[in-house]
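Student: Numbered according to the working numbering, the sequence shown spans residues 1 to 997.
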Amino acid sequence: MEQKLYDLMDWAGIEELVYSEASNPHAMLGPHLTEDGLLIQALVPTAAEISVKISSTGKKYPMELADEAGFFAALIPRKSKTPYTLEVTYDNGVTEELYDPYSFAPQYREEDLKKFAAGIHYTIYEKMGAHPMTIDGVSGVYFSVWAPCAMRVSVVGDFNLWDGRRHQMRRLGEGDGSVFELFIPGLYEGEIYKYEIKTRAGEPMLKADPYANYAELRPNNASIVWDIDKYKWNDKSWMAQRAKTDTKDKPMNIYEVHLGSWIRKETVKDETGQDLVGSEFYNYRELAPRLAEYVKDMGYTHVELMPVMEHPLDESWGYQVTGYYAPTSRYGAPEDFMYFMDYMHGQGIGVILDWVPAHFPRDAYGMAVFDGTCVYEHMDPRKGSHPHWGTLIYNYGRPGVSNFLIANALFWADKYHADGIRMDAVASMLYLDYGKNDGEWVPNIYGGNENLEAMEFLKHLNSVFKGRKDGTVIIAEESTAWPMITGDPKEGGLGFNYKWNMGWMNDFTNYMRCDPLFRKNNYGELTFSMLYAYSEDFVLVFSHDEVVHGKGSMIGKMPGETLEKKAENLRAAYAFMMGHPGKKLLFMGQEYAQTAEWNEGASLEWELLEYPVHKNMQDYVKALNRLYREHPALYEMDYDPDGFEWINCSYQNESMIIFLRKSRKSEETLLFICNFDNMEHEKFRVGVPFHGKYKEIFNTDAKDFGGEGRVNGRVKTSRKLEWDEKDDSIEVYIPPMSVSIYTCTQAAETVKPDGKKSGAKKTADKKPAAGKTAVRKTVSGKTDGKAETAAPETAAAAQESGGAAAVKGGQRQMTAPKEEQMQIHTSKKKPEQKRIATSKEEQKQIGTSKEEQKQIATSKEEQKQIATSRKKQEQIGTSKEEQKQIGTSRKKQEQIATSKEEQKQIGTSRKKQEQIATSKEEQKQIGTSKEEQKQIATSRKEQKQIGTSRKRQEQIGTSKEEHKQISTSKKSRKQIGTAKKDQKQITASKPEGSETK
1 MEQKLYDLMD
11 WAGIEELVYS
21 EASNPHAMLG
31 PHLTEDGLLI
41 QALVPTAAEI
51 SVKISSTGKK
61 YPMELADEAG
71 FFAALIPRKS
81 KTPYTLEVTY
91 DNGVTEELYD
101 PYSFAPQYRE
111 EDLKKFAAGI
121 HYTIYEKMGA
131 HPMTIDGVSG
141 VYFSVWAPCA
151 MRVSVVGDFN
161 LWDGRRHQMR
171 RLGEGDGSVF
181 ELFIPGLYEG
191 EIYKYEIKTR
201 AGEPMLKADP
211 YANYAELRPN
221 NASIVWDIDK
231 YKWNDKSWMA
241 QRAKTDTKDK
251 PMNIYEVHLG
261 SWIRKETVKD
271 ETGQDLVGSE
281 FYNYRELAPR
291 LAEYVKDMGY
301 THVELMPVME
311 HPLDESWGYQ
321 VTGYYAPTSR
331 YGAPEDFMYF
341 MDYMHGQGIG
351 VILDWVPAHF
361 PRDAYGMAVF
371 DGTCVYEHMD
381 PRKGSHPHWG
391 TLIYNYGRPG
401 VSNFLIANAL
411 FWADKYHADG
421 IRMDAVASML
431 YLDYGKNDGE
441 WVPNIYGGNE
451 NLEAMEFLKH
461 LNSVFKGRKD
471 GTVIIAEEST
481 AWPMITGDPK
491 EGGLGFNYKW
501 NMGWMNDFTN
511 YMRCDPLFRK
521 NNYGELTFSM
531 LYAYSEDFVL
541 VFSHDEVVHG
551 KGSMIGKMPG
561 ETLEKKAENL
571 RAAYAFMMGH
581 PGKKLLFMGQ
591 EYAQTAEWNE
601 GASLEWELLE
611 YPVHKNMQDY
621 VKALNRLYRE
631 HPALYEMDYD
641 PDGFEWINCS
651 YQNESMIIFL
661 RKSRKSEETL
671 LFICNFDNME
681 HEKFRVGVPF
691 HGKYKEIFNT
701 DAKDFGGEGR
711 VNGRVKTSRK
721 LEWDEKDDSI
731 EVYIPPMSVS
741 IYTCTQAAET
751 VKPDGKKSGA
761 KKTADKKPAA
771 GKTAVRKTVS
781 GKTDGKAETA
791 APETAAAAQE
801 SGGAAAVKGG
811 QRQMTAPKEE
821 QMQIHTSKKK
831 PEQKRIATSK
841 EEQKQIGTSK
851 EEQKQIATSK
861 EEQKQIATSR
871 KKQEQIGTSK
881 EEQKQIGTSR
891 KKQEQIATSK
901 EEQKQIGTSR
911 KKQEQIATSK
921 EEQKQIGTSK
931 EEQKQIATSR
941 KEQKQIGTSR
951 KRQEQIGTSK
961 EEHKQISTSK
971 KSRKQIGTAK
981 KDQKQITASK
991 PEGSETK
């Protein structure tokens, strides 16, 4: 070796390279300008000779061996760097020409390192991993990895005989944010590689690339170089439309799929008779048209894929991930999966990907103890280990870890056009003591069990996604009552778009498991979910978790001695699910009632469709899904309380519930009648929201679905018969174990020449419902009670306070809600609906002449109609107990109520009574409400018992209920008079507070 060259040798540096302990090999290897010329050094173990070839001239300079381990050096008489190649002759006689990996500049900018160190480099996947690229006209692969505590990192593979000395990587940056990188010329897509990491203890380890885009098929586990930017997408219109669409008011009906067991092939044998690994799986490209066709035919809007990220164990279903940036090679290459996504979008089907940021497996080649230290997990096992699953927990507070995960979620949305990310096991992230006993976990800095770092990570991730505004949704599987999962991060929420409703799933599944005979004892499990239905934006799920680990299939959970009886229960369950507010998800196989539990190692039992009970169930779910998509009431107001209304949730003994689903258009309203008992109900009366026609459009008992065909074929026209606290009602037949769905069409309210609305019936035509208090009664145009007016000030106060009592000057004034204020029709030509509200002062002016008072139910014939017979009293609904409340004792009279000023009643002439509106709201104000009728004296004897002297009247006080029990003595009636001038104040012009119904 020449003396000049010898003097330039850094023998300590050479030793560091030879022993593969250099964190900055570029400081020694590659081209370096010196005062004596261009020094080029190379470390190529097993090389016998090496020459430097100048690219511009072709001139060659032989290199001298400085160390027997394969360290060569040459001093070229140049004052500037120039492109060159190395011609290497190995000890086996093989010669190759290659570019020097250490002659290329790093691809990281200073800004990249700073952003990654801060945990906010959201496209770090463009740098990390293995990326085929061309630098300075030279093709190769750029490698980069995060191993902050490693002594040295090398890229190894078949291309360098897995020798960690050959391609040692350079460290960029300092501290926790430092990364290793190296560009290796001459490598191409398909190369198998790993990282050889030497720990600070000097121990070498082989690790798969956490950022790899592709990996070997299990049981092999090396990473594979792959170019994922070459695929040409065809879903531009889908992506543009998605960005403009808010899924909250659109249908979202999800089909959950495990690609490896939805369908499978027959295993192929190799020449030795052994099963060919992976031959049982369909390729992504083969799956796409099959799945898309089926999902479209069934009427689903989305598919949710159980984890497709690379994982070593089939039995983990994909939930123990080792390759977060690689779609599993079980079903093909990355571009095959891109084709799958592209094809689904082309068919109008959204794709949601299951994602697992909660934990990762301990496999030695994976991320566990990645550089000899706990890089991705906590060092303290009380923080970094899941005792239940035997997996490791991410250290969310470390910027490099949170950056890895946030960028990964963005990666699937960016590179694979995922429409949504469903985040698994969120509860295990949020609670430090999840699945742990006392002493097995460490409280946070405030002494609580909340994982503050995980909370911040989730808020960070969701905020980034929402900032993109590309229509991608993030769904949380969170099994506890942690508040504001879908709340705004700015207000303390976590920021998810949706949350799986695990509470509903557990409660309703438990309810349906019960024998119908005992379901009445579990009625609360059926109705409880509506108490919190709007606390989050929920997705209702029957997921894979419900059909594994001995839980049985969905139809297996149902009671019944035969499969047909079980199917009857399951049809009712699915229909109720579709009617309940929230988006929907159903796991594969349950749409046709697969009888066996799900097995990830076998295909679904598609052969069951040859049997009627399963084919009928499939047809049923298809029809139910079509109904869901065709009716906005089932999805448009899922997260608006106005989109749901109970009609009756008190039929505990009958195991029935009745409710409405509504849309933003009043004409799009659906009535659900759910019967979860084996009892049928003939001529069952149901309250309805308005007068109109009600048509049954869906019945789970239809013959096409395997039922008995006991349906309501005729359109039902409602009657003005109060039921379920509704003015109108219909009479229907309800089959056992069924759900019936009706459309609700409101009748047009046209006005006849006489001023009356068409379709309206006099309340006198109504018959009291059994078990109900009697409706208001009209006799010859007169009411059986006295109209009552409230002062305008009182009406205004009622509108503000919602009907609360106001106190003025030490005297209580009872007010009623706006909708309960009395409305009176008055007009000179045509009757109009008017609302009369009079102040305390105006009550003095309102009166009735002696002649008018004599017209108020004073004739013997009229008194007989006011409940003189026992039969009439029964229609008014006066029980023995109720009669006791009708001021029949002196003690009662002393409690009943009106001061002299308040007890004045509004006398009404027969002519005015004919103009009084008879709507439900008006009836409550004019005369007596259901509650008031029970308390009105109904016999002449009772009237005589009601205080008749002025002295007694002065003793009477007023309460909110007692104010309605106004009774008038004969003496007080004579004092009530109305001058002609006073009567004009109750006129046809709209007074303040008047309202048209």
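Where a beta carbon is used, it is the ideal one built from N, C-alpha and C, also for glycine.
A quick note: this is a predicted structure, and the numbers were derived from the prediction, not measured.
Rounded to whole angstroms, what's the CA-CA distance from L8 to R362? Just pull it up for me.
Tutor: Here the question's residue 8 lines up with position 8 in the sequence shown. Here the question's residue 362 lines up with position 362 in the sequence shown. For L8 and R362, the distance between alpha carbons rounds to 46 angstroms.
Student: Could you please give me the residues that DSSP links to K726 through a beta bridge?
Tutor: As a first step, residue 726 is located in the sequence shown; it is residue number 726 there, counting from the start. In the DSSP output, where bridge partners are listed per residue, K726 has W723.
Student: Span of the alpha helix (DSSP H) holding K615?
Tutor: If you number the sequence shown from 1, residue 615 lands on position 615. Where K615 is concerned, the enclosing alpha helix (DSSP H) stretches over P612 to E630.
Student: Short of 6 angstroms in beta carbon distance, which residues of its chain neighbour I730, apart from the five on each side in sequence? Order them along the chain.
Tutor: Reading the sequence shown from its first residue, position 730 is the one you call residue 730. The answer, listed in chain order, is V686, V688, Y694, K716 and S718.
Student: W226: which of P132, K551, E196 and R109 sits nearest, CA to CA?
Tutor: On the sequence shown, residue 226 is found 226 positions in, with the first residue counted as 1. Among P132, K551, E196 and R109, the Cα nearest to that of W226 is on P132.
Student: Measure how close the beta-carbons of V141 and I184 come, nearest whole angstrom, since I'm counting them as under 8 angstroms.
Tutor: One-based indexing of the sequence shown puts residue 141 at position 141. One-based indexing of the sequence shown puts residue 184 at position 184. Yes, they are in contact, since the Cβ atoms of V141 and I184 sit about 6 angstroms apart, within 8 angstroms.
Student: Let me make sure I understand the geometry here. Which of G495, A418, Q618 and Y90 has the alpha-carbon closest to that of P483?
Tutor: Counted from its first residue, the sequence shown places residue 483 at position 483. It is G495.
Student: What do you reckon, are the CB atoms on G119 and N403 nearer than 7 angstroms?
Tutor: Your numbering for residue 119 matches position 119 in the sequence shown. Your numbering for residue 403 matches position 403 in the sequence shown. Yes; because the gap between Cβ atoms is below 7 angstroms, this pair is in contact.
Student: Can you tell me the Cα-Cα spacing of L660 and D724, whole angstroms?
Tutor: Here residue 660 refers to the residue found at position 660 of the sequence shown. Here residue 724 refers to the residue found at position 724 of the sequence shown. Between L660 and D724, the C-alpha separation is close to 13 angstroms.
Student: If you follow the alpha helix (DSSP H) that Q41 is part of, which residue opens it and which one closes it?
Tutor: For the purposes of this step, residue 41 is taken as the residue at position 41 of the sequence shown. Per DSSP, Q41 belongs to no alpha helix (DSSP H); it is in the beta strand (DSSP E), G37 to L43.
Student: Can you find the residues in the same chain that come closer than 8 angstroms, C-beta to C-beta, to E491, ignoring five residues on each side of it along the sequence?
Tutor: Along the sequence shown, read from residue 1 onward, the residue named residue 491 stands at position 491. Around E491: M484.
Student: I need the DSSP call for Y574, collapsed to helix, strand or coil.
Tutor: Within the sequence shown, the letter at position 574 stands for residue 574. In the structure shown, Y574 sits in a helix (DSSP, three-state: H, G or I).
Student: Measuring only the C-alpha atoms, how far is G350 from A292?
Tutor: Stepping through the sequence shown from its first residue, residue 350 is reached at position 350. Stepping through the sequence shown from its first residue, residue 292 is reached at position 292. Taking the straight line from one Cα to the other gives about 10 angstroms.
Student: Of all the options S666, F684, E682 and V711, which has the alpha carbon lying nearest to the alpha carbon of A748?
Tutor: The residue you call residue 748 lines up with position 748 of the sequence shown. The residue with the shortest Cα to Cα distance from A748 is S666.
Student: Which residue spans inside the segment 370-458 form an unbroken beta strand (DSSP E) run of at least 3?
Tutor: Correct list: 420-423.
Student: So, at 7 angstroms on beta carbons, what are the nonlocal neighbours of V295 in its own chain, with the 5 sequence-adjacent residues on each side left out?
Tutor: Taking the sequence shown and counting its residues from 1, one reaches residue 295 at position 295. So the list reads Y255, V303 and I349, once near-sequence residues are dropped.
Student: With the cut-off set at 7 angstroms, would you say L1010 and I421 are in Cβ contact?
Tutor: Residue coverage of the chain in this structure runs from 1 to 997, which leaves residue 1010 outside it and unanswerable.
Student: I'd like to confirm the pairing. Which residues does DSSP put opposite M656 in its beta bridges?
Tutor: On the sequence shown, position 656 is the one that residue 656 refers to. Y651 and N675.
Student: Excluding the 5 residues flanking A596 on each side, which residues of the same chain have their C-beta closer than 7 angstroms to its C-beta?
Tutor: What you label residue 596 is simply residue 596 of the sequence shown in a count that begins at 1. Excluding sequence neighbours, A596 sits near S553 and E605.
Student: Measure the alpha-carbon distance for F644 versus C744 and round it to whole angstroms.
Tutor: As a working mapping, residue 644 is identified with position 644 in the sequence shown. As a working mapping, residue 744 is identified with position 744 in the sequence shown. So the two alpha carbons sit approximately 14 angstroms from each other.
Student: Apart from the five residues on each side of it in sequence, which residues of its chain come closer than 6 angstroms, Cβ to Cβ, to M344?
Tutor: The residue given as residue 344 occupies position 344 in the sequence shown. If we look at M344 and ignore the five residues flanking it on each side, its Cβ neighbours are A292 and V351.
Student: Do R78 and G137 come within 7 angstroms of each other at the CB atom, strictly closer than that value?
Tutor: What you label residue 137 is simply residue 137 of the sequence shown in a count that begins at 1. What you label residue 78 is simply residue 78 of the sequence shown in a count that begins at 1. No. Outside cutoff.
Student: In or out: S889 buried (at least 16 other Cβ within 10 Å) or exposed?
Tutor: Taking the first residue of the sequence shown as 1, we reach residue 889 at position 889. Since pLDDT at S889 reaches only 41, below the 50 mark, its modelled position is unreliable, and the value read off the structure follows with that caveat. The residue is exposed, with fewer than 16 neighbouring Cβ atoms inside 10 Å.
Student: From R1039 to G366, what does the alpha carbon distance come to, in whole angstroms?
Tutor: Because the chain is modelled from 1 through 997, residue 1039 falls outside the range shown and cannot be assessed.
Student: For the structure I just gave you, are there three or more beta carbon pairs, one from the segment 540-558 and one from the segment 495-506, closer than 8 angstroms?
Tutor: Output reads yes: the segment 495-506 touches the segment 540-558.
Student: Would a C-beta distance cut-off of 7 angstroms place Y416 and M341 closer than the cut-off?
Tutor: Your numbering for residue 416 matches position 416 in the sequence shown. Your numbering for residue 341 matches position 341 in the sequence shown. Cβ distance < 7 angstroms, so Y416 and M341 count as in contact.
Student: Quick one: give me the first and last residue of the beta strand (DSSP E) that I352 is part of.
Tutor: For this step, residue 352 is matched to residue 352 along the sequence shown. Start and end: G350 to W355.
Student: Hey, out of E2, R629, M637 and E708, whose CA is closest to T301's CA?
Tutor: Taking the sequence shown and counting its residues from 1, one reaches residue 301 at position 301. Taking only the C-alpha atoms, the option nearest T301 is R629.
Student: Do L29 and Q41 come within 7 angstroms of each other at the CB atom, strictly closer than that value?
Tutor: Taking the first residue of the sequence shown as position 1, residue 41 is located at position 41. Taking the first residue of the sequence shown as position 1, residue 29 is located at position 29. Their beta carbons are under 7 angstroms apart, which means Q41 touches L29 by this criterion.
Student: Rounded C-beta distance between V613 and G550? I'm assuming under 8 angstroms.
Tutor: As a working note, residue 613 is residue 613 in the sequence shown. As a working note, residue 550 is residue 550 in the sequence shown. In fact, because the Cβ distance is near 23 angstroms, the residues do not count as touching under 8 angstroms.
Student: DSSP puts W500 in a beta bridge; with which residues?
Tutor: Counting from one through the sequence shown, the residue named residue 500 turns up at place 500. Partner(s): V539.
Student: With H, G and I counted as helix, E and B as strand and the rest as coil, what does DSSP make of H544?
Tutor: Within the sequence shown, the letter at position 544 stands for residue 544. Residue state, collapsed to three classes: helix.
Student: Which value, in whole angstroms, describes the spacing of the CA atoms of A201 and Y339?
Tutor: One-based indexing of the sequence shown puts residue 201 at position 201. One-based indexing of the sequence shown puts residue 339 at position 339. Distance between the alpha carbons of A201 and Y339: 46 angstroms.
Student: At which residue ranges does the segment 203-287 contain complete alpha helix (DSSP H) runs of 4 or more residues, listed in the order of the chain?
Tutor: Within the segment 203-287, the complete alpha helix (DSSP H) runs of at least 4 residues are 236-243 and 259-262.
Student: Given a threshold of 16 other Cβ atoms within 10 Å of its Cβ, counted over all protein chains shown, does W441 qualify as buried or as exposed?
Tutor: Translated into the one-based positions of the sequence shown, residue 441 becomes position 441. With 16 or more other Cβ atoms within 10 Å, it is buried.
Student: Once DSSP output is grouped into helix, strand and coil, what is the label at L187?
Tutor: Within the sequence shown, the letter at position 187 stands for residue 187. If DSSP states are grouped into helix, strand and coil, L187 belongs with coil.
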